[in-house]
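Worksheet: the structure to be examined is printed underneath.
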Amino acid sequence: MLTAVLLFLPLAAALLLLFIKGAAARALALGATLLEFGLAVYAAFAFKTSGTAGFNLNYAWIPSAGINFHIGIDGLSLLLVLLTTFLVPLILLAAFKHNYDNPSTFYALVLFMQTGLLGVFMSLDAFLFYFFWEVALIPIYFLAGAWGGERRVAVTLKFFLYTVVGSLFMLAGFVYLYLQTGPAAGSLASHSSELSAFYSLKLSAAEQSWLFWLIFAAFAVKMPIFPFHTWQPDTYTESPAPATMLLSGIMLKMGIYGTMRWLLPIVPLGVSQWGKLVIILSIIGIIYGAIIAIRQRDMKRLIAYSSLSHVGLMAAGVFSLTQIGLQGVVIQMLAHGLNVVGMFFVADAIERRTGTRYIPDLGGLTRRTPVLTVCFLVMLLSTVALPLTGGFVGEFLLLAGVYQYNAWAGAIAGLTIIFSAVYLLRMFQRVMLGPDSAFSETITDLTGGELLILVPLIALVFWLGLFPGSFLHLSEPAVINILGLVGR
Amino acid sequence: MISIILLSVFGILNLFLGFLRSNKVLLPGAMLLLLAVFGVNLTDWNVVHAPYFNNMLVVDNYTVAFTGIVLLTTIVLLPFSRSYVVAGESNLAEYYALLLFSLVGAVMMVGYDHLIMLFVGIEILSICMYVLAGSNKRDSRSNEAALKYFLMGAFATGILLFGIALLYGATGTFVLSQLASAIAAPENASLQPMLYIGILMMIIGIGFKVSAAPFHFWTPDVYEGTPTFFTAFMSTVVKTAGFAAFLKLLAVALPAAQGFWMPTIQAMCALTLLLGNVGAAAQTSTKRMLAYSSVSHAGYLLIGLVASRGNLTGDAASGIFFYSLAYSIATIAAFGVLKLVADHRQREDYAGLNGLGKTNPLLAFTMTVAMLSLAGIPLTGGFFGKFFLLAAAADQGYIGLVVFAVVMSMVGLYYYLRPIIAMYLQPVPEGATAVPVDGIQTATLALLVLLTIALGIAPGFLSGIL
Chain H
1 MLTAVLLFLP
11 LAAALLLLFI
21 KGAAARALAL
31 GATLLEFGLA
41 VYAAFAFKTS
51 GTAGFNLNYA
61 WIPSAGINFH
71 IGIDGLSLLL
81 VLLTTFLVPL
91 ILLAAFKHNY
101 DNPSTFYALV
111 LFMQTGLLGV
121 FMSLDAFLFY
131 FFWEVALIPI
141 YFLAGAWGGE
151 RRVAVTLKFF
161 LYTVVGSLFM
171 LAGFVYLYLQ
181 TGPAAGSLAS
191 HSSELSAFYS
201 LKLSAAEQSW
211 LFWLIFAAFA
221 VKMPIFPFHT
231 WQPDTYTESP
241 APATMLLSGI
251 MLKMGIYGTM
261 RWLLPIVPLG
271 VSQWGKLVII
281 LSIIGIIYGA
291 IIAIRQRDMK
301 RLIAYSSLSH
311 VGLMAAGVFS
321 LTQIGLQGVV
331 IQMLAHGLNV
341 VGMFFVADAI
351 ERRTGTRYIP
361 DLGGLTRRTP
371 VLTVCFLVML
381 LSTVALPLTG
391 GFVGEFLLLA
401 GVYQYNAWAG
411 AIAGLTIIFS
421 AVYLLRMFQR
431 VMLGPDSAFS
441 ETITDLTGGE
451 LLILVPLIAL
461 VFWLGLFPGS
471 FLHLSEPAVI
481 NILGLVGR
Chain E
1 MISIILLSVF
11 GILNLFLGFL
21 RSNKVLLPGA
31 MLLLLAVFGV
41 NLTDWNVVHA
51 PYFNNMLVVD
61 NYTVAFTGIV
71 LLTTIVLLPF
81 SRSYVVAGES
91 NLAEYYALLL
101 FSLVGAVMMV
111 GYDHLIMLFV
121 GIEILSICMY
131 VLAGSNKRDS
141 RSNEAALKYF
151 LMGAFATGIL
161 LFGIALLYGA
171 TGTFVLSQLA
181 SAIAAPENAS
191 LQPMLYIGIL
201 MMIIGIGFKV
211 SAAPFHFWTP
221 DVYEGTPTFF
231 TAFMSTVVKT
241 AGFAAFLKLL
251 AVALPAAQGF
261 WMPTIQAMCA
271 LTLLLGNVGA
281 AAQTSTKRML
291 AYSSVSHAGY
301 LLIGLVASRG
311 NLTGDAASGI
321 FFYSLAYSIA
331 TIAAFGVLKL
341 VADHRQREDY
351 AGLNGLGKTN
361 PLLAFTMTVA
371 MLSLAGIPLT
381 GGFFGKFFLL
391 AAAADQGYIG
401 LVVFAVVMSM
411 VGLYYYLRPI
421 IAMYLQPVPE
431 GATAVPVDGI
441 QTATLALLVL
451 LTIALGIAPG
461 FLSGIL
């Protein structure tokens with residue numbers, strides 16, 4: 001029941017928002033997401049740590065086809081549910097800083113998207129998963145398209161086509177798997193699309209070999225992994241700041257989560273055949289994203305390429321198939337969600353004050369903005385993976401996992417830390433320090449409302465860095481369970 | 001059976017109502033009549049009737065289901081004829097009467113058990129459509145559409161009739177079930193050339209009516225020239241009835257000849273998907289795009305025919321039912337919005353929809369839902385329509401065809417997004433005002449959106465009913 005409330009509360013609030021305007025809309029949107037976060041925290045305390053999903057809810061959805069509305073939460077899902085419900089109120093607060101046209105619709109789309117995202121993280125039925133996967137896409141397309149920058153039409157069209165084409169391949173793979181299943185117990189239909197039914201399929205190595213790419217296509221585009229990434233920098237840059245935060249902070253995790261739950265355990269032989277190639281692609285992505293990031297002059301674009309670089313390391317960690325690597329992915333998903341949202345928010349705060357995010361136009365901002373400088377630096381250092389921050393724990397575990405898989409891969413992937421220090425500190429130096437610019441004297445410091453967004457992010461970054469165990473123990477049984485299924 | 005009688009009587013009644021010269025009565029009157037027929041039709045669900053008139057017609061669940069779709073489609077279409085009422089169109093009673101008569105034809109095509117009945121049904125439907133295509137007498141494009149449609153349609157009907165004659169020559173019967181046993185009988189093996197030519201000619205005739213490639217060339221021109229209100233009728237009711245008739249012919253009369261028609265239908269299916277989708281991607285007019293899109297949807301429905309493998313029940317037949325329903329609802333919504341906008345802004349290209357999201361949020365939202373449904377995006381009925389058909393085909397092992405259809409639906413995404421981009425991402429043109437929409441149209445559009453989303457969220461109610 002709790003899962004159903006968690007899933008549909010944002011949707012209900014989104015529908016209500018269509019009829020409410022003005023300040024009441026803000027209050028409703030924020031109130032609903034805070035309540036949602038409260039529910040998620042309650043779920044975290046009520047959660048019994050085990051390898052299988054708790055809070056199950058299972059109804060026949062399309063009885064004649066054996067498709068069920070089956071949702072549940074295990075440790076892995078729980079952490080992502082927590083991340084989503086934690087970030088969405090902050091993203092809404094960030095949206096309140098802008099005067100968008102039709103604000104109620106904007107907030108409604110964000111909440112609608114939250115339902116889609118939570119559905120993806122909770123689904124235990126393949127078609128339900130696909131359903132929510134696409135449901136999450138529709139609002140973000142409109143958020144990025146209708147409120148985006150000048151080049152939004154072409155950019156969002158590319159984004160939409162890329163992701164939908166990727167997910168259609170995944171759907172094709174799911175349909176194939178579905179047709180291989182037998183009837184579920186007590187069902188009239190001849191097939192079943194339950195996750196557990198997919199896990200128990202006996203597929204030949206040849207089948208798994210091509211199924212791997214069909215399913216992985218959707219995840220690779222969503223993350224995105226090199227060379228499926230070409231939509232990403234443009235879309236991140238052209239989208240309004242809250243949409244960029246949703247895309248990079250949460251939506252990116254859909255791809256990684258999908259790989260862990262819907263790819264590795266279903267086609268383990270395909271993974272062992274292609275895993276090496278994916279790791280190589282991921283490492284190329286790490287280096288490629290980092291090198292391009294160094295050259296960027298637009299703050300948002302720079303963060304976008306930095307995110308591309310970091311997601312490469314996470315993908316490599318997933319395919320290292322080690323427990324330490326997968327745990328690192330879990331922590332890094334949380335840390336990256338906090339970091340990237342914080343970074344985009346800082347970039348947005350600077351852009352709102354100066355009207356530009358073009359790095360050469362900025363400089364010497366730090367004198368009038370001590371608080372902003374500190375917040376920026378903390379977010380930045382966590383992204384660079386400095387010890388004490390969440391980013392360090394995640395990247396350390398990830399690199400340990402990749403190193404276990406292959407020492408050379410680990411060594412090259414480790415460059416990500418050095419590279420990110422280079423491009424991020426260079427950005428910090430040129431934006432905040434350096435020679436004075438036209439804005440050095442006029443820029444104002446962060447307001448209380450903005451601190452309301454950054455302080456929780458910073459607090460959590462340190463919590464993750466100091467006590468990662470409080471999150472790791474939640475996901476450990478789920479990760480072990482996944483690895484057990486891969487090794488079967 | 002009662003539906004046919006009621007529709008005919010109401011059609012004649014409508015003609016007499018026309019003498020009143022009060023258009024205000026006609027629209028609600030016609031809608032109420034159709035609602036009554038819809039209700040009466042549903043009472044036949046799961047009721048066993050003996051065939052009527054010496055095996056001319058059967059009323060079974062199959063008939064009831066598809067009759068339900070064509071009636072529902074017409075009911076939700078009628079409110080968009082409001083502009084005729086407002087303009088004091090002097091022939092309105094005739095239009096409604098022709099629509100009702102063409103529905104009689106559609107019901108016959110759905111319920112036939114005898115090839116003559118099929119022919120009569122197709123003729124009733126087609127002749128009404130020839131007239132309605134040219135109903136805008138003062139517009140040369142409407143005249144052109146009517147002439148093209150009539151000339152090519154008459155040829156196609158002739159070929160169909162020729163096919164029926166050859167089939168009769170080969171088997172000595174018109175009744176579907178007897179045809180099946182006569183074809184299967186070993187002593188008729190020597191008649192095969194005649195039989196096969198007959199089957200081929202029937203496929204051509206019906207293929208023309210449902211605008212399946214390579215018999216689709218009339219579609220874009222006729223759809224474009226025909227007044228939008230009747231284009232919507234053409235692309236939904238005619239197609240649904242045509243596919244119901246097609247499936248019945250293949251499944252009941254010709255299962256024994258499957259080895260002959262299966263490759264033909266498969267080739268038609270692939271060609272229809274290709275030409276429909278690629279053709280639609282090249283259009284700049286919303287109306288012509290919808291015309292090509294209706295060709296492409298004929299392609300998806302043909303996959304259902306392939307997957308049915310000569311079964312009138314089961315996954316594929318249910319899939320065709322569900323797809324037809326979802327497609328009809330979304331298409332009426334799209335054409336309805338297009339008609340309202342085009343009447344107001346006097347243009348039918350994509351740019352004519354610019355900024356609609358700001359001036360008319362409801363119209364824009366309806367169009368968006370319709371486009372997403374036609375594109376087969378989840379949350380809409382169109383997704384499950386495609387899913388059921390493609391899953392049924394994959395289950396039967398037609399993987400190649402399914403993969404091709406999926407690739408083609410990726411092409412479809414591109415052109416279905418273009419109206420959405422125009423409505424939400426393009427600025428409002430200078431001097432554009434809100435498109436006037438009256439209460440009943442608003443209610444109908446809201447109903448169409450709700451139905452599409454309901455089919456996309458709870459398809460369990462209507463899936464697998466055949």
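Line by line, the protein sequences give chains H and E.
Mapping of the first sequence onto the working numbering: residues 1 to 488, in sequence order.
Mapping of the second sequence onto the working numbering: residues 1 to 466, in sequence order.
Idealized CB from N, CA, C, for every residue including glycine.
{"Item": "Closer than 8 Å to chain H by CB, E:Ile2", "Value": "no"}
{"Item": "Closer than 7 Å: H:Leu381 CB and nearest the ligand SAM heavy atom", "Value": "Looking at this structure, you won't find the ligand SAM or any other ligand, since it has none at all."}
{"Item": "Unbroken alpha helix (DSSP H) run spanning H:Phe106, endpoints", "Value": "103-122"}
{"Item": "Enclosing beta strand (DSSP E) for H:His70 [first to last residue]", "Value": "67-73"}
{"Item": "CB contact flag (H:Thr354, H:Ile250, <8 Å)", "Value": "no"}
{"Item": "Contacts around H:Ser307, its chain only, beta-carbon distance under 6 Å, and the 5 residues preceding and following it disregarded", "Value": "Ser248, Val340"}
{"Item": "Sequence-distant residues of the same chain with beta carbon closer than 6 Å to H:Met254, five excluded per side", "Value": "Val120, Lys222"}
{"Item": "8 Å Cβ cut-off: residues of chain H touching E:Leu390", "Value": "Val175"}
{"Item": "N- and C-terminal bounds of the alpha helix (DSSP H) containing H:Tyr178", "Value": "152-180"}
{"Item": "Sequence-distant residues of its chain with Cβ nearer than 6 Å to H:Ser193 (five each side left out)", "Value": "Ile67, Asp125, Ala126, Phe127, Tyr178"}
{"Item": "Test: E:Ser463 CB closer than 8 Å to a CB of chain H", "Value": "yes"}
{"Item": "Rounded C-alpha distance that separates H:Val175 from H:Leu246", "Value": "29 Å"}
{"Item": "Close Cβ partners of H:Ile331 (< 8 Å) along its chain, the five nearest in sequence each way excluded", "Value": "Gly390, Val393, Gly394, Leu397, Leu464, Pro468, Phe471, Leu472"}
{"Item": "Coarse secondary structure for H:Ile286, derived from DSSP in three states", "Value": "helix"}
{"Item": "Closest by C-alpha distance to E:Gly412, when choosing among E:Ala253, E:Ile116, E:Leu273", "Value": "E:Leu273"}
{"Item": "CA nearest to the CA of H:Ser200, picked from H:Leu87, H:Ser420, H:Ala184", "Value": "H:Ala184"}
{"Item": "Chain-ordered neighbours of E:Tyr467 on chain H, where CB pairs are closer than 9 Å", "Value": "Nothing about residue 467 of chain E can be read from this structure; chain E reaches only from 1 to 466."}
{"Item": "Beta-ladder partner(s) of E:Ala297, from DSSP", "Value": "The identity of residue 297 of chain E in the sequence shown is His, whereas the question assumes Ala. According to DSSP, E:His297 bridges with nothing at all."}
{"Item": "Inter-residue Cα distance where the pair is E:Lys386 and E:Ala316", "Value": "11 Å"}
{"Item": "Where E:Val175 sits in the DSSP three-state scheme", "Value": "strand"}
{"Item": "When H:Ile284, H:Cys375, H:Ala347 are compared against H:Ala241, the one with the closest alpha-carbon", "Value": "H:Ala347"}
{"Item": "Residues from the segment 407-437 of chain E in contact with chain H, defined by Cβ distance under 8 Å", "Value": "Ser409, Met410, Leu413, Tyr414, Leu417, Ile421, Tyr424, Leu425, Gln426"}
{"Item": "Proximity winner among E:Met289, E:His297, E:Phe246, E:Arg347, relative to E:Arg309 (alpha-carbon distances)", "Value": "E:Phe246"}
{"Item": "Neighbour-count burial assignment, E:Lys339, 16 or more Cβ in a 10 Å radius", "Value": "buried"}
{"Item": "Beta-carbon proximity list for E:Leu417, same chain, < 8 Å, skipping 5 on both sides", "Value": "Met371, Ala375"}
{"Item": "Neighbourhood of H:His229 by C-beta, 6 Å cutoff - its chain only, sequence neighbours within 5 removed", "Value": "Leu308"}
{"Item": "Selection of the segment 49-68 of chain H by Cβ proximity to chain E, strictly under 9 Å", "Value": "Ala60, Trp61, Ile62, Pro63, Ser64, Ala65, Ile67"}
{"Item": "DSSP-derived helix/strand/coil call for E:Phe162", "Value": "helix"}
{"Item": "Chain E contacts from the segment 110-144 of chain H (Cβ-Cβ distance under 9 Å)", "Value": "Phe127, Tyr130, Phe131, Phe132, Trp133, Glu134, Val135, Leu137, Ile138, Tyr141, Phe142"}
{"Item": "Simplified DSSP assignment, three categories, for E:Gly205", "Value": "helix"}
{"Item": "Whole-number beta carbon distance between H:Ile225 and H:Ala315, since they are thought to touch under 8 Å", "Value": "5 Å"}
{"Item": "Span separating the alpha-carbon of E:Val58 from that of E:Val238", "Value": "20 Å"}
{"Item": "8 Å Cβ cutoff, E:Leu379 in contact with chain H", "Value": "yes"}
{"Item": "Residue of E:Pro79, E:Thr43, E:Leu78 minimising C-alpha distance to E:Thr63", "Value": "E:Thr43"}
{"Item": "DSSP three-state assignment for E:His216, whether helix, strand or coil", "Value": "coil"}
{"Item": "First and last residue of the uninterrupted alpha helix (DSSP H) at H:Tyr130", "Value": "126-146"}
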